[in-house]
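Below is one structure, written out as structure tokens; comments come after it.
Number of protein chains: 2
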Amino acid sequence: MKRKSAPSDPPPGSSIDALFRPRSVAVVGASRRRHSIGREVLRNLVEGEFQGPVFPVNAKAEVVQSMKAYARVSDIEDPVDLAVVAVPRQHVLAVAKDCARKGVKGLVVITAGFREAGREGAEREEALKKTAAKAGMRVIGPNCMGIVNTADDVRLNASFAAVKPLPGRVSFATQSGALGEAILADARELGVGISMFASIGNLVDVTASDLVEAFGNDPRTDVILLYLESFGEPRRFTQIARELARKKPIVVVKSGRSTAGARAAASHTGSLVGMDIAAESLLEQCGVLRARSVAEMFTMAKAFANQPVPAGDRVAIVTNAGGPGILATDACVGHGLELAEFSARTTKRLAAALPEGAAAQNPADLIADADANRFSRALAAVGSDAGVDAILAVFVSPVTTDAPAVARAIAESAESSGKTTLACFMGKEKDDEGVAILREAGVPVYRFPEEAAAALSALCRYRRFRDRPRGKDVRFEVDVRRARRAIQRARRAGRTMLVGEDVGEILAAYGIPTAPSIVATDVGQALEFAKEVGYPVVLKAESEKFAHKTDVDGVRVGLKNGDEVFEAYEDLRKRLGRRDRNLKLRVQKQIKGEAEVILGAATDPQFGPLLLFGLGGVHVEVLRDVAVRVHPISDIDAAEMVRAIKGYPLLAGARGKRPVDVEFLEETLLRLSQMIADLEEVAELDLNPLIVGEDRTTAAVVDARLRLS
Amino acid sequence: MKRKSAPSDPPPGSSIDALFRPRSVAVVGASRRRHSIGREVLRNLVEGEFQGPVFPVNAKAEVVQSMKAYARVSDIEDPVDLAVVAVPRQHVLAVAKDCARKGVKGLVVITAGFREAGREGAEREEALKKTAAKAGMRVIGPNCMGIVNTADDVRLNASFAAVKPLPGRVSFATQSGALGEAILADARELGVGISMFASIGNLVDVTASDLVEAFGNDPRTDVILLYLESFGEPRRFTQIARELARKKPIVVVKSGRSTAGARAAASHTGSLVGMDIAAESLLEQCGVLRARSVAEMFTMAKAFANQPVPAGDRVAIVTNAGGPGILATDACVGHGLELAEFSARTTKRLAAALPEGAAAQNPADLIADADANRFSRALAAVGSDAGVDAILAVFVSPVTTDAPAVARAIAESAESSGKTTLACFMGKEKDDEGVAILREAGVPVYRFPEEAAAALSALCRYRRFRDRPRGKDVRFEVDVRRARRAIQRARRAGRTMLVGEDVGEILAAYGIPTAPSIVATDVGQALEFAKEVGYPVVLKAESEKFAHKTDVDGVRVGLKNGDEVFEAYEDLRKRLGRRDRNLKLRVQKQIKGEAEVILGAATDPQFGPLLLFGLGGVHVEVLRDVAVRVHPISDIDAAEMVRAIKGYPLLAGARGKRPVDVEFLEETLLRLSQMIADLEEVAELDLNPLIVGEDRTTAAVVDARLRLS
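Chains as they are written, first to last, in my numbering: chain A, 2 to 710; chain B, 2 to 710.
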């Protein structure tokens, strides 16, 4: 065991440094028993060559692992920055209090049996939280597997992980300790080096957001990986992640997609917004990359940790085997990447370097007997082509070829071209030397071409995130007081589901046009109104008995004259009046437009308000073609929302249709967002549909529902 | 080197046995040079312990690898069943002729430089093909890496693969030799054993279909894997695969998705049918599982080779770690599997076996300190629950637990429950012993829970394929001669793109109704026709100048009286007559229905005729929501097509709409299929739209185009 001087920088202002950059560590519960958690932590600290002193704390033993042990933390003569707690759960609180007395700055509580174990555990957790907060101690855990910081001047492995992490440029926080263990093992095996690691457990104090911030400020971290089961504090996460994602890629595996289940809700918007769509939208808005699996997270991390983000999407594939070249092409195109068009010069240089039968276009097939020299020449040609942003080198090792030499050729090309270079070494069993050479040179190596393509596409996706303009927070002149008055009126009348005039008032206050309408108590009134606003008109049955009017054939559109209004009025009254004595019949000016769209807002228990956009009718209801964003949205978000649906071409003017006023739709989404910000009592809102044409002056909401919380 | 008696069964009737079950093998081009291809083949044969004699053939050496060498195959005194040819390309034909003289029954031609290398190579290939066919020799290759049969009484490794395949129950054919090499290496590393393997090269004789058939008949093969770049003979493949897929799972990686590109075509159907959608449909129709990547193919193969297909989709997850349990749940639900609901008895037994804080529901979380005993009891409880079809055991190895003991508990549960069991051993580095125990016991082990879930979903998908009813070939009474006459008339008049009456005739002959219409040469004729069929009518501009009438606002619907017809006629005539002097104006009875659908047929260069179904308008054109099947289709295919589109709820009666006559749509698809079978000259056909309501008697095609080849 080597001992060097203590970590150079003492914990400064940022209290999270007490956890990740402690000058000294106490291990409370450092047992003499082999394979006990405390003993493993102690071993990891010592074998990991922690740069400060480590103090075993054990109530019953005087020596643990040949080190002097203390009965309590407060017995230690020297200062203690960090205490790792691995004692039985009933002793944790006493230990925390003792640590507070001693002036310990950070706790990593490994012990389980807190909130996750029922009411009693939750009480224990609350007490721990209070003790730590009072003493100003930062806490990771409880119920976690520890933390790691591989910085040379710290070398902290305060975990009971069985695998020693390699130092590197990836930082990782996980809400599952078990997954943390597995991931450290995999990282090592895949050659992914770790800068900082934290298993965050029950989040009594330090959250995922705190860690993202800490990793973001860590100059040794190039990539941030997260495994999350919940966001904890979505708004703070959003703020932090949005800024940081422009500096460093953040890759998240977010689980719990299926467990949430759809909430029961009265409106379309409410029922469509499941928890996962909110998580998905939040990440998208922040520019955080979501990996669909842990394996995919590693696939991405290897690329981000080692290679520059390519300037564009144009990929050159250089291969010595046709089949894998085609697989790589398929996968690249499938991920939305472009196959680079080689310049005439490149094609010429390639042709000169290749034998007959080889392909001098993209993918460049150097054929099976390609040696390192042929790879070198081909890569040099492709690497100097200004139309190439990234290079994917695919190599299948024939018995006749010197694989390590090919690996060196690829590594040299990556170095000299400066272009993003990824390698796929297939059938790697015998190519371990080649793989090692590439890893050493910082060229990520994949086993299958599809993985390499997936990694490359993640780099390009990140570039698009990073480079998209920062959105602006747009505010319009609105009449908040008018909206509030309308809400108060409805509340006083005992209404919480607002329709008709109630909603119209609120929308008007926010500059969102609604189609003129009245509730006609008799057919005469209906005819009079129709004459006033002009034909054609629409007649609608309003009832609390049926949520969707079309289900009961309760809407008559295109009524062109008095006779038609009369006939429709009588039909609805007779047919539906039987089903609801309080049936109301609304006459409304018929709005002409090119498209019907739905705009909505709903409140997610975890993420707060969400905004929804989609095309009306079957598009939302049957095809589920919607775009969702987490409130608040910027102008960029609004523009993206409108364009995110599959049916967008219908708004842009597909097949002889006139394009609608898309800017108006964006503005209306922003006005909705402003309404949600101003009026906290709005729990759900459906504008379904808003009819819109070429010109905003004719656009109007023809049906709306608003639920107060 | 061991030598046993020659393979017991001599090549019988089935000539492919000459390749995979030879009694003796000659290696032509067996060089003295190390790492030469011929030398590697010889070494693999000998080290693989081929059960018959191996004869090196080398024009220049008398001894190769301590074995007597022959100058020519015909110099060998003993009979030769199989010759592996690895001589320079210019000598291949002479060798083949010599083999024919000798009475060799099968050739594996490894040498490259044939069709893939240009015109001269193609000629060489043609000559080889003829020579072999004349002599009745079956040929694999040229341009391949060889074949393998691990059957104990054969032990044939006639390849130059660097990796020795493990014997096992997976057979594999690959169109890319390089991928074959990589895949054999991966198979070995992943513990996937091989029964038969073939790198099929240029397919001069033996095709993928032949191999699927051979693998299907091989009693040692449980799973068939294919890597294909093209199908070669899609119809034969379909026939063979359809039958075999009911007996053994077939998993395909089909590449070349992106390289094909969309064909230029005049009709919707034609332009929508890209090569990949055809491949996708063909595989789906045959019940062949498509893997999206080579890695996914292995994920599936490991499960198929070792575990039974589960009787249902209900999965029990048993885990010692919450996070991975959630990931497994997410992935299972994401793949369409169900989380089993445990019976009261199971829940009780689980609760008894688990400590406080553990979860006795599904996923069953045994928490981190679960030992082998707790796993055993939980797995026994879950394994005997009649509501559980498959078990996914997820284990993260804490330092404190005996991982091999847990592995044994899982293996025993798999054995005793008889239920499909898959395991995920995370952070496997230190658990290699556990992984080995599970593999030995035939329980596939995955690294990540998502992979295990993907494998399980493949098993369930296969069960659905296997168990779906066999479709029937349905034929209707039609008037083929009437259709042929209509085609002849059009041909004589020089028309190949048929519209209007031409198509109407053909459709009528096949019992497909079209809306009554005429081309009105003046407005009087239009008015007369409208009066005859009854209002409302539709007026349409027909012109070769514009393919899509709606793009030029050339369709007027809902004309309710003479005035409206007059006005519309004059407008179209004036506005569009300028653009096309040969403009025709068609008056058509307006068909009332609930939905507009598109039915179509197009010819794919590789797959032959394809059939298409979709909802009309934006559904096909903008949202690309279509179902495609390869001709011919069965009644089951037709039923699946109609239901395969996302918009199907609109046909089944979503949101207050009346359901349409779906059976009529199925029948019309089958009638189209029959037409395609009868009339080979139909290259493309669009029925766009067919309007259909509740009752077939009112349904009719209102626009159709048919292109003759």
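A virtual CB, placed ideally from N, CA and C, is assigned to each residue, including glycine. Owing to the predicted nature of the structure, the values given are computational and were not obtained by experimental measurement.
Min CB distance Gly337 (chain A) to chain B below 8 Å: no
C-alpha gap between Gly262 (chain A) and Val621 (chain A), whole angstroms: With a pLDDT of only 34 at Gly262 (chain A), under 50, the local geometry of the prediction cannot be trusted, and the value read off the model is given with reservation. In a straight line, the C-alpha of Gly262 (chain A) is about 19 Å away from that of Val621 (chain A).
Check Pro633 (chain B) in the structure and name its three-state DSSP category. coil
Would Val619 (chain B) pass as an interface residue toward chain A - the criterion being a Cβ-Cβ separation below 8 Å? Interface criterion met: the Cβ of Val619 (chain B) is under 8 Å from a Cβ in chain A.
What does the alpha-carbon distance come out to for the pair Ala159 (chain B) and Ala113 (chain B)? 16 Å
Is the CB-CB distance between Leu423 (chain A) and Leu457 (chain A) below 8 Å? yes
Roughly how many angstroms lie between the CA atoms of Phe56 (chain A) and Lys103 (chain A), to the nearest whole one? Looking at the two C-alpha atoms, the distance is approximately 13 Å.
Below 8 Å between beta carbons: does that hold for Phe198 (chain B) and Ile148 (chain B)? yes
Assigned secondary structure, Pro405 (chain B) (DSSP; H/G/I helix, E/B strand, else coil): Helix, per DSSP.
Mapping the DSSP letters down to three states, classify Ala705 (chain B) as helix, strand or coil. strand
Please list, in chain order, the residues of the segment 361-383 of chain A that have any C-beta partner in chain B closer than 7 Å. Taking a C-beta cut-off of 7 Å against chain B, the contacting residues of the segment 361-383 of chain A are Ala369, listed in chain order.
For a contact defined as C-beta to C-beta under 9 Å, what are the partners of Met427 (chain A) on chain B? Ala179, Leu180, Glu182, Ala183, Ile184, Ala186, Asp187, Val295
If you follow the beta strand (DSSP E) that Ser200 (chain B) is in, where does it begin and where does it stop? 195-200
What did DSSP end up calling Cys145 (chain A) once you bin it into helix, strand or coil? In this structure, DSSP gives Cys145 (chain A) a state outside helix and strand, which the three-state scheme calls coil.
Local Cβ density within 10 Å of Pro143 (chain B), reported as buried at 16 or more and exposed below that: buried
N-terminal and C-terminal residue of the alpha helix (DSSP H) that Pro325 (chain B) is part of: 323-335 is the extent of the alpha helix (DSSP H) around Pro325 (chain B).
Residues within the segment 613-645 of chain B neighbouring chain A, beta-carbon criterion of under 7 Å: Val619, Glu622, Val623, Leu624
Using 8 Å as the Cβ pair cut-off and three pairs as the minimum, do the segment 188-197 of chain B and the segment 241-254 of chain B touch? no
Helix, strand or coil at Tyr649 (chain A) [DSSP, three-state]: helix
Residue-level contact to chain A via CB, Lys431 (chain B), 8 Å cutoff: Model confidence at Lys431 (chain B) stands at a pLDDT of 47, short of 50, so the residue's coordinates are unreliable and nothing is read from them.
Can you check whether the C-beta of Phe449 (chain B) is within less than 8 Å of a C-beta belonging to chain A? yes
Just tell me which of A:Glu78, A:Ser294, A:Ala494, A:Arg659 has its CA closest to the CA of Ala58 (chain A). Correcting the residue type first, residue 58 (chain A) is Val in the shown sequence and not Ala. Here the closest residue by C-alpha is A:Glu78.
Where Val479 (chain B) and Ala516 (chain B) are concerned, what is the direct C-alpha to C-alpha distance, given to the nearest angstrom? If I take the Cα positions, the gap works out to 19 Å.
Boundaries of the alpha helix (DSSP H) in which Gly578 (chain B) is found, first to last residue: 563-578
For the putative contact between Ser172 (chain B) and Asp219 (chain B), defined by C-beta atoms under 8 Å, what is the C-beta separation to the nearest angstrom? 6 Å
Measure the Cβ-Cβ separation of Val74 (chain B) and Val85 (chain B) and say whether it is below 8 Å. no
Is it a yes or a no for the segment 517-530 of chain A touching the segment 677-692 of chain A, going by three-plus beta-carbon pairs under 8 Å? Because the criterion of three Cβ pairs below 8 Å is not met, the segment 517-530 of chain A and the segment 677-692 of chain A do not touch.
If we cut at 8 Å on Cβ distances, does Ala322 (chain B) have a partner in chain A? yes
Quick check: what's the CA-CA separation for Arg630 (chain B) versus Arg120 (chain B)? 35 Å
Anything in chain A within Cβ reach of Lys647 (chain B), meaning under 8 Å, just list it in chain order. Val623, Leu624
Taking Cβ-Cβ distances below 7 Å as the criterion, which residues of the segment 205-217 of chain A are in contact with chain B? Of all residues in the segment 205-217 of chain A, none has a Cβ within less than 7 Å of some Cβ in chain B.
Check whether chain A comes within 8 Å of Asp331 (chain B), counting only Cβ atoms and requiring the distance to be less than that. yes
Is it buried or exposed for Lys61 (chain B), if we count other Cβ within 10 angstroms and need 16 for buried? Result: exposed.
Would you mind reading off the limits of the alpha helix (DSSP H) that contains Gly107 (chain B)? That residue, Gly107 (chain B), is in no alpha helix (DSSP H); its beta strand (DSSP E) goes 107-110.
Go ahead and label Phe477 (chain B) buried or exposed: buried means 16 or more other beta carbons lie within 10 angstroms of its beta carbon, across all protein chains shown. exposed
Would Gly323 (chain B) and Asp366 (chain B) qualify as a contact pair, given that the criterion is a beta-carbon distance under 8 Å? yes
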